[in-house]
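Enquirer: Protein sequences, first through last, are from chains A and B.
So for the first sequence, our numbering puts the first residue at 1; every next one is plus one.
So for the second sequence, our numbering puts the first residue at 1001; every next one is plus one.
Even glycine gets a Cβ: it sits at the ideal position worked out from N, Cα and C.
Protein chains: 2
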Amino acid sequence: MKSDLLAATQATAPPSSRRALIAGFATELFHRKGYAATSMRELASVSGIEAPSLYNHFSSKETLLHEICFGMADAFVSTARRIAAMDLPVEDRLARAIEEHLRLLFSDREAVGVFVNEWRHLSEPSLQTFKSLRSDYEQFFAGLFQEGMHKGVFRQGDPLWLGRQLLLLMNGSVHSTARPDSEALADLGRRFYSLWMHGVASPTTQPD
Amino acid sequence: MKSDLLAATQATAPPSSRRALIAGFATELFHRKGYAATSMRELASVSGIEAPSLYNHFSSKETLLHEICFGMADAFVSTARRIAAMDLPVEDRLARAIEEHLRLLFSDREAVGVFVNEWRHLSEPSLQTFKSLRSDYEQFFAGLFQEGMHKGVFRQGDPLWLGRQLLLLMNGSVHSTARPDSEALADLGRRFYSLWMHGVASPTTQPD
DNA sequence: CGCGAACGAACGATCGTTCGTATGTTTGGG
DNA sequence: CCCAAACATACGAACGATCGTTCGTTCGCG
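1. Which value, in whole angstroms, describes the spacing of the CA atoms of B/Y1193 and A/R18?
2. Would B/R1093 be called buried (16 or more neighbouring beta carbons within 10 Å of its own) or exposed?
3. Distance cutoff 7 angstroms, beta carbons only. Does B/S1123 sit that close to anything in chain A?
4. With a cut-off of 7 angstroms, does the C-beta of A/L64 fall near any C-beta of chain B?
5. For A/G199 and chain B, any beta-carbon pair shorter than 7 angstroms?
6. Can you list, in chain order, the residues of the region 159 to 171 of chain A whose Cβ is nearer than 7 angstroms to any Cβ on chain B?
7. Any C-beta of chain A sitting closer than 7 angstroms to the C-beta of B/F1154?
8. Between B/L1144, B/S1045 and B/G1034, which has its C-alpha nearest B/A1095's C-alpha?
9. Sorted by chain position, which residues of the same chain lie with C-beta nearer than 7 angstroms to A/L166's C-beta, five sequence neighbours on each side aside?
10. Within 10 angstroms of its Cβ, does A/Y55 collect 16 or more other Cβ (buried), or is it exposed?
11. Only counting the same chain, and skipping five residues up and downstream in sequence, which positions put a Cβ closer than 7 angstroms to that of A/S126?
12. What does B/G1113 reach in chain A if we use C-beta pairs closer than 8 angstroms?
13. Checking the sheet assignment: what are the DSSP bridge partners for B/A1201?
14. Give the secondary structure of B/D1092 by DSSP, where H, G and I count as helix, E and B as strand, and everything else as coil.
15. Leaving out the 5 sequence neighbours to the left and right, which residues in its chain are closer than 6 angstroms to A/G148 when beta-carbon positions are compared?
16. Could you tell me whether the Cβ of B/W1196 comes closer than 7 angstroms to any Cβ of chain A?
17. Measure from the C-beta of B/A1037 to each C-beta in chain A and report whether the shortest distance is under 7 angstroms.
18. Less than 8 angstroms between the CB atoms is what I'm expecting for B/T1113 and B/V1046, so what's the real figure, rounded?
19. Taking the alpha-carbon of A/E110 as reference, which of A/A20, A/A201, A/F30 and A/A184 has the nearest alpha-carbon?
20. Cα separation between B/D1087 and B/A1080?
21. For B/L1102 and B/A1075, I'd like the C-alpha separation in whole angstroms.
22. Quick check on B/G1143 - is its C-beta less than 7 angstroms from some C-beta in chain A?
23. When burial is assigned at 16 or more other CB atoms within 10 Å of the CB, is A/G152 buried or exposed?
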């Protein structure tokens, strides 16, 4: 009845599927307000829809979170696998890993925010799977550091600790860095690489 | 009635006030499950109390969050002020700032977790005040970097960006580092300082 | 004609919070 | 020194709001 107009104008309008649009709105809300503080009715409202209609596209609220978190996680680990298979010096693979991580990070900052901060609201068994993927990715960076230490390119240290710290640093940089174009992004990657490799001390300063 | 026994055993028992105990439980819950996902009934349950009784100690749920967040924030900025007033070379003040920040960080990891992740659930005007305190603290670190650059101790760069990155790194390290005793903590401080000053590259490696 | 997608109504659960009340403790005046 | 009034703190009941979700239905499109 009263929905005739909406159905006529909206149900056919979006060339990009409504499902994908809703996922995008959910990403924005989960990022800005947090998963627990976002209601399905609010998501429905910004989607231009009523709450029950959401369930024609997603079977539950958690399904939305699941798709966002695992979408990012899969992207990260597949990138890691690609780089690990490259025939490059270890420090170049590190530089490449930083650059690609940053590229993914800034390709969808909101999804990354959800990926980083809201994954804990997943329930089992997804939660275990997610943690496992995360661990794989950390191990990839740890492996780079370990190899570099072995070859004398890096100082000795705890490779897993270093890997986690580097990821922490890059992930957090999403909040404190303006959206870069592709050139600025490559530059940001070099900044990170340089900071990580040589620190902030002036080159004339003697290491301890 | 049925509360005779409880009142006799508990109301007089705690030398540490029940109010402080509740704040501690709230810190643990807000840290582990998030502010929005923690209910007053659950907090009451772990406090050994019924939900309405919480309101004899705190006037609202947000009051709890407020006390936790501003308790940490005040500790951080007062420490910063103390260090800024010291008559030390800038790189030593940086080392000291790192050490003191880590000390505070590990003095109450759960409160820090809330401070870092849950502050956005504060409502105005507390939210503005909180952000302002946070900004002061970031500016303190930025000032150290700026001064160091000016004196030629540090490489050139964006001081505010560097300050935020360093804070990010240390705050995140709470999750990925085992609880250190006071000796291990000083050591962790040196690790951070060294990583930040000289990076991971082997000393024989040439900077770009 | 059937199917995907929208709707309004409504479910039971849980949310933060308020209220009136009971009870133990503290305290001050006779 | 004792008793009563005031206070602090606990309780059960319950409020209105909102939560995620289900249901039966409608309706346009292929």
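Expert: Walking through what the data contain:
1. 50 angstroms
2. buried
3. no
4. no
5. Cβ-Cβ to chain B under 7 angstroms: yes for A/G199.
6. W161, L162, R164, Q165, L168 and L169
7. When Cβ-Cβ separations below 7 angstroms define contact, B/F1154 makes contact with chain A.
8. Here the closest residue by C-alpha is B/L1144.
9. The residues are F141 and W196.
10. exposed
11. Around A/S126: H66.
12. Within 8 angstroms Cβ-Cβ: nothing; B/G1113 doesn't reach chain A, min ~11 angstroms.
13. In DSSP, B/A1201 forms a bridge with A/F154.
14. helix
15. Closer than 6 angstroms at the Cβ level, and outside the excluded window around A/G148, lie V90 and F154.
16. yes
17. yes
18. Checking the sequence shown, residue 1113 of chain B turns out to be Gly, not Thr. Wrong, their Cβ atoms sit about 17 angstroms apart, outside the cutoff.
19. A/F30
20. 14 angstroms
21. B/L1102 and B/A1075 have their C-alpha atoms spaced approximately 12 angstroms apart.
22. no
23. Classification for A/G152: exposed.
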